[in-house]
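First up is the structure itself, then whatever we jot down about it.
Residue numbers (the UniProt record's numbering): 1 to 351.
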């Protein structure tokens with residue numbers, strides 16, 4: 001009986017320990033691992049993407065709420081405000097109650113300067129095998145080897161980070177002066193509004209009144225008058241001066257004819273068979289017909305007739321921009337409003 005037990009033990013020992021471990025590992029493999037190992041030629045496509053090499057990272061500088069960072073196809077990071085769909089290439093930052101004019105600007109908001117400084121830091125402090133060059137001078141080899149294995153730790157407060165990674169107004173301007181041109185202007189700051197109004201009033205008194213730039217005047221000699229009360233000694237020649245700016249053709253013609261010709265223009269209207277220009281008008285002065293005009297309404301036809309008459313009486317009026325009811329300048333392009341909302345604050349600035 002004892003010999004049979006020895007034969008069974010001998011038969012069990014025929015399986016080596018390595019085979020037993022291999023059997024256990026095979027039983028623990030998941031079906032997904034077997035599929036991957038069996039099918040090594042899995043079809044896939046490899047694409048290349050250009051991204052910006054990250055240099056430096058400020059853990060205290062986080063994006064404001066609602067902003068995300070996306071890598072553009074150019075490789076540069078783009079910042080998007082998800083709700084308004086506003087994009088910017090500079091990293092936005094939350095100002096809070098700080099002054100918009102006097103606050104210090106974070107360097108991360110100036111991409112070119114931020115990347116330049118971080119690159120200079122890496123060049124000044126090269127690292128070899130995890131240990132800065134020169135760190136082994138006078139230090140035991142065991143400590144140097146230990147420092148290479150343990151990552152360096154750095155304790156930094158919010159104030160220290162803000163001081164190191166922010167620019168005041170002078171430092172920021174010195175950097176921008178290498179790229180942009182600045183000029184110095186004089187500003188007057190008054191203690192009270194009364195002092196400011198008094199200064200403005202004094203400036204107006206010192207300035208000579210002038211007509212707006214681009215103003216053209218209509219001047220013509222008036223015919224001699226028979227009224228002896230209007231004749232002044234030493235000034236027999238009289239002139240009529242009119243500023244046509246802001247006046248319609250009908251108003252200019254009426255004023256000119258009344259002063260220069262001592263009469264008033266008359267208009268004769270007629271209806272036409274044209275569907276686009278159903279009305280016509282002709283100016284009659286002292287029984288003589290002058291210019292004619294056509295339009296979709298009597299008012300438009302009257303304006304066109306007055307314009308044609310002015311070009312006959314005053315040929316230089318062709319080069320003068322006069323207010324015209326038919327002018328296309330009055331029709332504004334409204335396509336801009338398709339891209340903005342009604343409650344957009346910029347709508348109030350459109351005058």
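For each residue, glycine too, the CB sits at the ideal point set by N, CA and C. Here the structure is a predicted model, which is why all the values come from computation and not from measurement.
Grouping DSSP H, G and I as helix and E and B as strand, with all else coil, what is residue 172? Mapped onto the chain shown, residue 172 falls at position 172. Helix.
Of all the options 111, 254 and 42, which has the alpha carbon lying nearest to the alpha carbon of residue 166? Translated into the one-based positions of the chain shown, residue 166 becomes position 166. Among 111, 254 and 42, the Cα nearest to that of residue 166 is on 111.
Does the separation of the CB atoms of residue 357 and residue 77 fall below 8 angstroms? This structure cannot settle anything about residue 357, because the visible part of the chain is limited to 1 through 351.
Can you list, in chain order, the residues of its chain with a C-beta nearer than 7 angstroms to that of residue 50? Leave out the 5 residues immediately preceding and following it. Residue numbering aside, residue 50 sits at position 50 when the chain shown is read from its first letter. Excluding positions up to five away in sequence, the list reads 75.
Cβ-based burial, residue 206 [other Cβ within 10 Å; buried from 16]: As a first step, residue 206 must be located in the chain shown, where it is residue number 206. When all chains shown are included, residue 206 counts as exposed.
Could you say if the region 308-319 and the region 278-291 meet the contact criterion of at least three C-beta pairs nearer than 8 angstroms? yes
Mind listing, in chain order, the continuous alpha helix (DSSP H) runs of no fewer than 4 residues lying wholly within the region 221-302? 249-260
Residue 217 and residue 256 - do their beta-carbons sit closer together than 8 angstroms? Counting from 1 along the chain shown, the entry for residue 256 is found at position 256. Counting from 1 along the chain shown, the entry for residue 217 is found at position 217. Contact: no.
In DSSP terms, what residue 87 is bridged to: As a position in the chain shown, residue 87 is number 87, starting the count at 1. Paired residues: 80.
On a CA-only basis, which of 95, 92, 103 and 115 is nearest residue 52? Give me that one, please. Mapped onto the chain shown, residue 52 falls at position 52. Comparing Cα positions, the closest option is 115.
Hey, out of 259, 103, 269 and 88, whose CA is closest to residue 222's CA? Along the chain shown, one-based indexing puts residue 222 at 222. That would be 259, whose Cα lies nearest to the Cα of residue 222.
Looking only at C-alpha atoms, which of 284, 278, 177 and 304 sits nearest to residue 296? In the chain shown, counting from the first residue as 1, residue 296 sits at position 296. Selected option, being the one with the closest Cα: 278.
Can you tell me whether residue 317 is buried or exposed, with buried defined as 16 or more other CB within 10 angstroms of its CB? Position 317 of the chain shown, counting from 1, holds the residue named residue 317. Buried, by the Cβ-count rule.
Kindly indicate which three-state DSSP category residue 345 falls into: helix, strand or coil? Walking along the chain shown from the start, residue 345 turns up at place 345. Three-state result, residue 345: helix.
Neighbourhood of residue 224 by C-beta distance below 7 angstroms, restricted to the same chain and skipping five residues each side: Taking the chain shown and counting its residues from 1, one reaches residue 224 at position 224. The answer is none, since no qualifying residue turns up.
Assign residue 272 to one of two classes, buried (16 or more other C-beta atoms within 10 Å of its C-beta) or exposed (fewer than that). Taking the first residue of the chain shown as position 1, residue 272 is located at position 272. Result: exposed.
Enclosing alpha helix (DSSP H) for residue 376 [first to last residue]: In the structure as shown, the chain begins at 1 and stops at 351. Residue 376 is therefore absent and cannot be evaluated.
Does DSSP classify residue 51 as helix, strand or coil? Stepping through the chain shown from its first residue, residue 51 is reached at position 51. Coil.
Beta-carbon separation of residue 121 and residue 109 under 8 angstroms? The residue you call residue 121 lines up with position 121 of the chain shown. The residue you call residue 109 lines up with position 109 of the chain shown. Against a cut-off of 8 angstroms, the Cβ pair of residue 109 and residue 121 comes out as no contact.
Does DSSP classify residue 69 as helix, strand or coil? Taking the chain shown and counting its residues from 1, the one referred to as residue 69 is at position 69. Note: residue 69 maps to strand in three-state DSSP.
So which of 170, 286, 267 and 285 has the shortest CA-CA distance to residue 294? The sequence position of residue 294 within the chain shown is 294, counting from 1. The option with the nearest alpha carbon to residue 294 is 267.
Under 8 angstroms between C-beta atoms of residue 355 and residue 68: This structure cannot settle anything about residue 355, because the visible part of the chain is limited to 1 through 351.
Pairwise C-alpha distance: residue 169 and residue 179: Counted from its first residue, the chain shown places residue 179 at position 179. Counted from its first residue, the chain shown places residue 169 at position 169. Going by the C-alpha atoms only, they are around 16 angstroms apart.
Reference residue 246; option with closest CA among 87, 212, 185 and 265: Mapped onto the chain shown, residue 246 falls at position 246. Residue 246 has its Cα closest to that of 212, out of 87, 212, 185 and 265.
Neighbourhood of residue 250 by C-beta, 8 angstroms cutoff - its chain only, sequence neighbours within 5 removed: Position 250 of the chain shown, counted from the start, is the residue given in the question as residue 250. So the list reads 302, 303 and 306, once near-sequence residues are dropped.
For residue 192, count the other beta carbons within 10 Å of its own beta carbon; 16 or more makes it buried, fewer makes it exposed. Which is it? In the chain shown, counting from the first residue as 1, residue 192 sits at position 192. With fewer than 16 other Cβ atoms within 10 Å, it is exposed.
By a C-beta neighbour count over all protein chains shown, 10 Å radius and 16 as the cutoff for buried, is residue 96 buried or exposed? For the purposes of this step, residue 96 is taken as residue 96 along the chain shown, with counting starting at 1. It counts as exposed.
Can you tell me which of 123, 84 and 190 puts its alpha carbon nearest to the alpha carbon of residue 343? Start at 1 with the first residue of the chain shown, and residue 343 comes out as number 343. The shortest Cα separation from residue 343 among 123, 84 and 190 belongs to 84.
Pull up the distance between the alpha-carbon of residue 283 and that of residue 275, whole angstroms please. Translated into positions along the chain shown, residue 283 becomes position 283. Translated into positions along the chain shown, residue 275 becomes position 275. Rounded to whole angstroms, residue 283 to residue 275 spans 23 angstroms at the Cα level.
Mapping DSSP to helix, strand and coil, what is residue 187? The sequence position of residue 187 within the chain shown is 187, counting from 1. Reduced to three states, the DSSP call for residue 187 is coil.
My output table needs one value for residue 166: the three-state DSSP class, helix, strand or coil. Mapped onto the chain shown, residue 166 falls at position 166. Strand.
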